[in-house]
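What follows is a single structure, written as structure tokens, with notes after it.
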Amino acid sequence: MLKIPNKAALLAAVTLLSLPSLPIKPVLAEAPSLGNGILCVARGKTDKGTKIYFYTSVI
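Heads up: the sequence shown begins at -17 in the numbering used here, then just goes up one per residue.
Shown next as structure tokens:
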């Protein structure tokens, strides 16, 4: 069974992949394409709460 933060990360990843028109701030010219790598999801804690980060990583 997935824990609540893992469910949130999974839901966020599915939403990001299913809605390509979502406004995303990274500079697309510098980001590797998914043909070169993988989409990663990370969860981080700040003093204001938990944040979920999406990034690509070159294989």
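Don't be surprised by glycine CBs; every beta carbon is placed ideally from N, CA and C.
For LYS(-11), DSSP records no beta bridge to any residue. By the criterion of a C-beta distance shorter than 6 Å, CYS22 is surrounded in its chain by TYR37 and SER39, once the five residues flanking it on both sides are discounted. Looking at the backbone, the Cα of ARG25 and that of VAL(-4) are separated by about 15 Å. In the DSSP assignment, LYS33 forms a beta bridge with GLY26.
In the three-state reduction of the DSSP assignment, THR38 falls in the strand class.
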